[in-house]
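Below: the structure, in structure tokens.
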Amino acid sequence: MAASPRSSFPCHLPFLPLFIFLLYLVVFFPLSPRSICSSWLVGFREAVEPSAGGTVSALPSPKPQASTPCSEFTSSALVTSTGQTHPSGEQRETWGKKIDFLLSVIGFAVDLANVWRFPYLCYKNGGGAFLVPYLLFMVIAGMPLFYMELALGQYNREGAAGVWKICPVFKGVGFTVILISLYVGFYYNVIIAWALFYLFSSFSGELPWVNCNNTWNSANCSDLNATLLNDSHKVTPALEYFERGVLHMQDSRGIDDLGLPRWQLTSCLAVVIVVLYFSLWKGVKTSGKVVWITATMPYVVLTVLLLRGVTLPGAIDGIKAYLSVDFLRLCDAQVWIEAATQICFSLGVGFGVLIAFSSYNKFSNNCYRDAIITSSINSLTSFFSGFVIFSFLGYMSQKHNVALDKVATDGPGLVFIIYPEAIATLPGSSVWAVIFFIMLLTLGIDSAVNTIELTALFEHACLDTNIFFFQRFLNLLLYGGIYVFTLLDHFAAGTSILFGVLIEAIGIAWFYGVDRFSDDIQEMIGHRPGLYWRLCWKFVSPCFLLFMVVVSFATFNPPKYGSYYFPTWANMVGWCLSISSMIMVPLYAIYKFCTLPGSFCKLAYAITPETEHHLVERGEVRQFTVGYQSFKQITQIRNRQLFSPKEDSLHKFYG
Numbered sequence: 000m001a002a003s004p005r006s007s008f009p010c011h012l013p014f015l016p017l018f019i020f021l022l023y024l025v026v027f028f029p030l031s032p033r034s035i036c037s038s039w040l041v042g043f044r045e046a047v048e049p050s051a052g053g054t055v056s057a058l059p060s061p062k063p064q065a066s067t068p069c070s071e072f073t074s075s076a077l078v079t080s081t082g083q084t085h086p087s088g089e090q091r092e093t094w095g096k097k098i099d100f101l102l103s104v105i106g107f108a109v110d111l112a113n114v115w116r117f118p119y120l121c122y123k124n125g126g127g128a129f130l131v132p133y134l135l136f137m138v139i140a141g142m143p144l145f146y147m148e149l150a151l152g153q154y155n156r157e158g159a160a161g162v163w164k165i166c167p168v169f170k171g172v173g174f175t176v177i178l179i180s181l182y183v184g185f186y187y188n189v190i191i192a193w194a195l196f197y198l199f200s201s202f203s204g205e206l207p208w209v210n211c212n213n214t215w216n217s218a219n220c221s222d223l224n225a226t227l228l229n230d231s232h233k234v235t236p237a238l239e240y241f242e243r244g245v246l247h248m249q250d251s252r253g254i255d256d257l258g259l260p261r262w263q264l265t266s267c268l269a270v271v272i273v274v275l276y277f278s279l280w281k282g283v284k285t286s287g288k289v290v291w292i293t294a295t296m297p298y299v300v301l302t303v304l305l306l307r308g309v310t311l312p313g314a315i316d317g318i319k320a321y322l323s324v325d326f327l328r329l330c331d332a333q334v335w336i337e338a339a340t341q342i343c344f345s346l347g348v349g350f351g352v353l354i355a356f357s358s359y360n361k362f363s364n365n366c367y368r369d370a371i372i373t374s375s376i377n378s379l380t381s382f383f384s385g386f387v388i389f390s391f392l393g394y395m396s397q398k399h400n401v402a403l404d405k406v407a408t409d410g411p412g413l414v415f416i417i418y419p420e421a422i423a424t425l426p427g428s429s430v431w432a433v434i435f436f437i438m439l440l441t442l443g444i445d446s447a448v449n450t451i452e453l454t455a456l457f458e459h460a461c462l463d464t465n466i467f468f469f470q471r472f473l474n475l476l477l478y479g480g481i482y483v484f485t486l487l488d489h490f491a492a493g494t495s496i497l498f499g500v501l502i503e504a505i506g507i508a509w510f511y512g513v514d515r516f517s518d519d520i521q522e523m524i525g526h527r528p529g530l531y532w533r534l535c536w537k538f539v540s541p542c543f544l545l546f547m548v549v550v551s552f553a554t555f556n557p558p559k560y561g562s563y564y565f566p567t568w569a570n571m572v573g574w575c576l577s578i579s580s581m582i583m584v585p586l587y588a589i590y591k592f593c594t595l596p597g598s599f600c601k602l603a604y605a606i607t608p609e610t611e612h613h614l615v616e617r618g619e620v621r622q623f624t625v626g627y628q629s630f631k632q633i634t635q636i637r638n639r640q641l642f643s644p645k646e647d648s649l650h651k652f653y654g
């Protein structure tokens, strides 16, 4: 509601979020300022200098883990190691350069949602005031969970499922996140296909969404030069181009009448699948170069668009509305809920990709520094993209002589309707359209490659996985495919991803143990995480996630597209889709208990790392003592020093 005045505050108040972040850096860095500078300089040198021959000599993990094929992750920027051996004796791949890892993580975390969701949330929820809950939740939940996943994968050198050998009963979490990534992949690549279709259309002499004289236009279409946003019966050519020209929604009555496939979109999707396949085909020879392009191109394009956007009439008003501070909005609980939700989804925790990426780092890699750098870049990118988006929205607001909230929106409508409409009014509009949709392609491809990599459990299954995805995508390319897209987007990774991260946090903090996890990190980077991180992992983050799961159920609203509401059976299908991933946690736990030996010892085996099951046989487990081994007997064993020094140190953890 940009037209309405916001509350005025002293000029120093907008800097409150920056002060919170600086305070965070001072309090939580367990290093002196000199050490911090040295650490970052070393990190920069590691990033730009390749490892010797693309390989590293990994420090042996104190808990060797057997590698299973289903947990292998064939990275897009990895090289085959000739000198590094996994503790199990297998050859292990590592990143060729540190920058490959950083760009891959940034490319995965920075996706389309950074462009089409965060700026709108910031504007809708008090402008600069929204940064207060956003940064708060980032500090107490986002960064700790991000750090936890990087450290978990790097230490155990396993993928999303294999990493749970540290606590076998929780392995279902790995299958949960893999299923969620699979479901997201069903519709995410369709967005890229739409962007590719728009890119091809942008090479025409006149952009097809400029006027209303096309075959797909209806009687309600009104020229761009008309002031029509106040008339509910009139629609823009850009809206009709997306819904009628691209999707052909007029040939579908709803999700129960999907119609025929659009051959143009099917062709675009085939091109996307081919690009993804060849991005993974030769490993470092192809995709190692792709990540340098797909992760950096969006920043170049965003900068170019910002330089153009700020010169447009009304752009400054749009940016002012984006940054204006209304602290009274912080009294609204919905603002805090949306900030927490944005943190959960924007950083990419819970999809298993961060664990898989970090599993190919050097054992001594400073994952703490990486977590700070990449999560900060992610949030800064979201904030920066807001300047780009709202410079154009301010321009559209002035051009149509309407309030900013009439043109401000989020989701696909922003990048496929509002933004193309704004670009169409610029001189050289075709050039700007090409630049914009190239940015969307690079943002989408970077995240899509990671999804394909995670779900392609075997290296040779890359082609099969792409074919499988292509077959599943066809339902989204029908005339009513947008309804399938909306249903998947609403249910595939909402409550289920929050549930997965919650169980993951509980498994690490309460069953594997925060102290032991901290010692693992100390072994890798040379110092234990500070008290703050340990408190967040054990108490703050699980409580935060539990709150988010409860809120997501309590505030659930059935999906809709425009004025179309989905039938009951469609919502039931959506809930079945969501539950199908969450149910993997209890199903695998039941399976594990049924297949483990013994009776009472089942629980002991289930929560003890697989490499330490011999401790269960001795009667010593992490959380409790097995019944037939009394406390007195264990004390006698300790006093007689029957254990090796390594085992004795383990008893200090578990006894």
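Residue numbers (numbering that gives the first Met the number 0): 0 to 654. From the three backbone atoms N, C-alpha and C, an ideal C-beta is built for every residue, glycine too.
Check                                                                                                                       : Outcome
Neighbourhood of Tyr-511 by C-beta, 6 Å cutoff - its chain only, sequence neighbours within 5 removed                       : Ile-165, Cys-166
Proximity below 9 Å, CB of Gly-158 to CB of Gly-173                                                                         : yes
Cα-Cα separation between Leu-301 and Ile-372, rounded to whole angstroms                                                    : 20 Å
Complete runs of the beta strand (DSSP E) confined to the segment 134-163 [at least 3 residues]                             : none
Beta-carbon proximity of Ala-432 to Ser-201, cut-off 9 Å                                                                    : yes
Status (buried if at least 16 other CB within 10 Å, exposed otherwise) for Asp-647                                          : Note that Asp-647 scores 43 on pLDDT, short of 50, meaning its location in the model is unreliable and no value can be drawn from it.
Where Trp-94 falls: helix, strand or coil (DSSP)                                                                            : strand
Limits of the alpha helix (DSSP H) - the one that Phe-510 falls within                                                      : That residue, Phe-510, is in no alpha helix (DSSP H); it is neither H nor E in DSSP.
CB of Ala-402 within 9 Å of CB of Met-547, strictly                                                                         : no
C-alpha distance - Asp-445 paired with His-613, whole-angstrom precision                                                    : 43 Å
For Asp-256: DSSP bridge partner residues                                                                                   : Gly-253
Rounded C-alpha distance that separates Phe-668 from Leu-353                                                                : Nothing can be reported for residue 668: it is not among the residues displayed for the chain, which extend from 0 to 654.
Cut-off 6 Å between Cβ atoms - residues of its own chain near Pro-585, not counting five sequence neighbours on either side : none
For Leu-303, the three-state DSSP class (helix, strand or coil)                                                             : For the record, residue 303 in the displayed sequence is Val; it is not Leu. Three-state result, Val-303: helix.
CA nearest to the CA of Val-104, picked from Leu-111, Leu-602, Asn-449, Phe-326                                             : Asn-449
Candidates Arg-252, Phe-386, Trp-215, Ser-251: closest to Thr-235 by CA position                                            : Trp-215
Contact check, Val-414 vs Ala-194, beta carbons under 9 Å                                                                   : yes
Spatial neighbours of Gly-525 in its chain, beta-carbon cut-off 6 Å, leaving aside the 5 residues before and after          : none
Residues bridged to Lys-559 [DSSP beta-bridge criterion]                                                                    : Tyr-564
Helix, strand or coil at Phe-552 [DSSP, three-state]                                                                        : helix
Inter-residue spacing [alpha-carbon to alpha-carbon] between Arg-156 and Tyr-359                                            : 7 Å
Cα-Cα separation between Ile-422 and Gly-412, rounded to whole angstroms                                                    : 14 Å
Closest residue to Leu-306 among Lys-233, Ile-388, Pro-557 (Cα-Cα distance)                                                 : Ile-388
Alpha carbon of Tyr-298 to alpha carbon of Arg-261, nearest angstrom                                                        : 32 Å
Where the alpha helix (DSSP H) through Gly-347 begins and ends                                                              : No alpha helix (DSSP H) contains Gly-347, which DSSP labels as neither H nor E.
Residue closest to Tyr-122, alpha-carbon to alpha-carbon, out of Ser-384, Cys-535, Ile-606, Met-137                         : Ser-384
Distance, Gln-333 Cα to Thr-554 Cα                                                                                          : 10 Å
DSSP state of Cys-211 mapped onto helix, strand, coil                                                                       : coil
Residue-level contact to chain D via CB, Ile-524, 9 Å cutoff                                                                : Included in the structure is just one protein chain, with no chain D present.
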